[in-house]
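Student: Quick one: structure below, then a few questions.
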Amino acid sequence: MRPESSQTAVLEAPSSQAGAGAPVTLLDGGAEAYPRMLAAIESATRRVHLEVYTFEREGVGSSFLAALTAAAQRGVEVKVIVDGWGSIGESGALQRTLRAAGAKVRVFNPLTSIFMGRAWRNHRKILLVDEQVAFIGGINIGDDYRGTDGEPGWADLVLELRGDICRQLGAKLQAGRVELAAGPVKVLLSGMGGGRRLRQRYLDAIARAKTQVLLAHAYFMPDRGFMRALNRAAKRGVSVQLLLAGRSDVPFARAATMRLYRYFLRGGVQIHEWTASTLHAKAALVDGKRLLVGSFNLDPLSLVNLETLVEVEDDGVSAQAMAWLDKHLRAARPITLENCQRTGLQAWLLDILGLAGARLSEAFASFIGRRRYR
Numbered sequence: 002m003r004p005e006s007s008q009t010a011v012l013e014a015p016s017s018q019a020g021a022g023a024p025v026t027l028l029d030g031g032a033e034a035y036p037r038m039l040a041a042i043e044s045a046t047r048r049v050h051l052e053v054y055t056f057e058r059e060g061v062g063s064s065f066l067a068a069l070t071a072a073a074q075r076g077v078e079v080k081v082i083v084d085g086w087g088s089i090g091e092s093g094a095l096q097r098t099l100r101a102a103g104a105k106v107r108v109f110n111p112l113t114s115i116f117m118g119r120a121w122r123n124h125r126k127i128l129l130v131d132e133q134v135a136f137i138g139g140i141n142i143g144d145d146y147r148g149t150d151g152e153p154g155w156a157d158l159v160l161e162l163r164g165d166i167c168r169q170l171g172a173k174l175q176a177g178r179v180e181l182a183a184g185p186v187k188v189l190l191s192g193m194g195g196g197r198r199l200r201q202r203y204l205d206a207i208a209r210a211k212t213q214v215l216l217a218h219a220y221f222m223p224d225r226g227f228m229r230a231l232n233r234a235a236k237r238g239v240s241v242q243l244l245l246a247g248r249s250d251v252p253f254a255r256a257a258t259m260r261l262y263r264y265f266l267r268g269g270v271q272i273h274e275w276t277a278s279t280l281h282a283k284a285a286l287v288d289g290k291r292l293l294v295g296s297f298n299l300d301p302l303s304l305v306n307l308e309t310l311v312e313v314e315d316d317g318v319s320a321q322a323m324a325w326l327d328k329h330l331r332a333a334r335p336i337t338l339e340n341c342q343r344t345g346l347q348a349w350l351l352d353i354l355g356l357a358g359a360r361l362s363e364a365f366a367s368f369i370g371r372r373r374y375r
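Each number in our numbering corresponds to the 1-based position in the sequence shown with 1 added.
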């Protein structure tokens, strides 16, 4: 799950909020976020909480391991939660290294838990340091997100939050379903009840849109209600543009998305595919002022996994998001109805593969939901 991730400084915005001490700062992928995350851990004096789906020990992961180990050794309370599936093959070594330094480590639903019917995942990406600074978005810990050897990193976004919202977050991390608010920021944690409330925030924003909906999503397999909401917005004159993955790290995910292209294009929705790198973002900007960023995908699995979503209404941050989206949309490949024309065999294969991917995702999510809510 993972077009271009800028290798430059923090996304510029016509607001003082791009500074290191600003309440909200939008960061362009791992290239921008990792140095700031590592600096926060290295300066921690009381507490570090890291929750991530995938934690790779090599490359940038070794820098995070070193920073977390050093923090624990100097007496900082360090807690790390990794997902048993997302960090498969890494979790054992992570536990040994960090626990030896005095840190607490939890592997969420190890693979063996599947045999007990606990297959839902912790898909959150949260770093909270001293209840003063938090990083929430779509990036995991791995070199794919920052790029290497001249290759761009996976296209993704992270919000750096400061101030009272971080204090609130620190008090509610273990509280299950949570909604927090401070100034222009709202933070939602799906908790064990699933991500339907997070989906509803998207739907509310789309329903209220007056001029524009820009949506960048890596794993785009929305349900029929969500599809209708986007087409309704387009039909009432809202400019609806989708930035979707032209290549994917998940087998059949792109085929499942491509099955929907003709429906959206005929409804007036514009589609662009990012091909310069892997698109991993989960973000939307509505009317140039309401930004949604997090780990929440518009697919069936995010409705049952543990997820995060941050809403921000701030002119400076919205300008940053608009610049990122505009840059990627201009460099992406526009999709037209002519692009969707295929031979009978090609259409048949696409429909079969896409339908198989979509149905498999829906069935697995349904199975997880039934087991989880018993």
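Beta carbons are placed, not taken as given, at the ideal position from N, Cα and C, and that holds for glycine.
It should be emphasised that the depicted structure is a prediction, and the values quoted were computed from it without experimental measurement.
To test your reading of the DSSP string, which unbroken alpha helix (DSSP H) runs of 4 or more residues are found completely within the segment 11-93?
Tutor: 30-43 and 61-74
Student: Excluding five sequence neighbours on each side, which residues of the same chain lie with their C-beta closer than 6 Å to the C-beta of PHE65?
Tutor: Translated into the one-based positions of the sequence shown, residue 65 becomes position 64. ILE142, listed in sequence order.
Student: Could you check what DSSP says for LYS283 in three-state terms: helix, strand or coil?
Tutor: Mapped onto the sequence shown, residue 283 falls at position 282. Strand.
Student: For a test of the three-state rule: what should DSSP assign to GLN321, helix, strand or coil?
Tutor: Translated into the one-based positions of the sequence shown, residue 321 becomes position 320. Three-state DSSP puts GLN321 in a helix.
Student: Give, in chain order, every unbroken run of the beta strand (DSSP E) that is at least 3 residues long and sits entirely within the segment 184-246.
Tutor: 186-190, 213-218 and 240-246
Student: Does DSSP classify GLU339 as helix, strand or coil?
Tutor: Taking the sequence shown and counting its residues from 1, one reaches residue 339 at position 338. Note: GLU339 maps to helix in three-state DSSP.
Student: Give a yes or no on whether the C-beta atoms belonging to PHE227 and LEU244 are separated by under 9 Å.
Tutor: In the sequence shown, residue 227 corresponds to position 226, counting from 1. In the sequence shown, residue 244 corresponds to position 243, counting from 1. The answer is no: Cβ separation not under 9 Å.
Student: Compare the C-alpha of ASP29 against each of ASP300, VAL106, PRO223 and GLN321 and name the closest.
Tutor: For the purposes of this step, residue 29 is taken as residue 28 along the sequence shown, with counting starting at 1. Nearest C-alpha to ASP29 among ASP300, VAL106, PRO223 and GLN321: GLN321.
Student: Check the DSSP bridge columns for TRP275 and list the partner residues they point to.
Tutor: If you number the sequence shown from 1, residue 275 lands on position 274. Note: TRP275 sits in a beta bridge opposite ALA246.
Student: Under three-state DSSP, which class holds ALA156?
Tutor: Start at 1 with the first residue of the sequence shown, and residue 156 comes out as number 155. Secondary structure of ALA156 (DSSP, three-state): strand.
Student: So, does the segment 196-214 touch the segment 45-61, judging by three or more C-beta pairs under 8 Å?
Tutor: no
Student: Within 9 Å (strictly less), CB to CB, does ALA219 reach chain D?
Tutor: As a matter of chain content, chain D is missing from the structure shown, which is built from one protein chain.
Student: Assuming PHE297 is part of the alpha helix (DSSP H), what are its boundary residues?
Tutor: On the sequence shown, residue 297 is found 296 positions in, with the first residue counted as 1. Note, PHE297: premise wrong, no alpha helix (DSSP H); not H, not E.
Student: Could you give the residue range of the alpha helix (DSSP H) that holds THR258?
Tutor: Taking the sequence shown and counting its residues from 1, one reaches residue 258 at position 257. 254-259 is the extent of the alpha helix (DSSP H) around THR258.
Student: From the DSSP output, in three-state form, read off ARG98 for me.
Tutor: Taking the sequence shown and counting its residues from 1, one reaches residue 98 at position 97. Note that residue 98 is Thr in the sequence shown here, rather than Arg. THR98 falls in the helix class under three-state DSSP.
Student: If the criterion is Cβ atoms closer than 9 Å, does the pair GLY317 and GLU308 meet it?
Tutor: The count along the sequence shown starts at 1 and reaches residue 317 at position 316. The count along the sequence shown starts at 1 and reaches residue 308 at position 307. The Cβ-Cβ distance between GLY317 and GLU308 does not fall below 9 Å.
Student: At a cut of 8 Å, does the segment 176-185 reach the segment 254-274 through at least three beta carbon pairs?
Tutor: no
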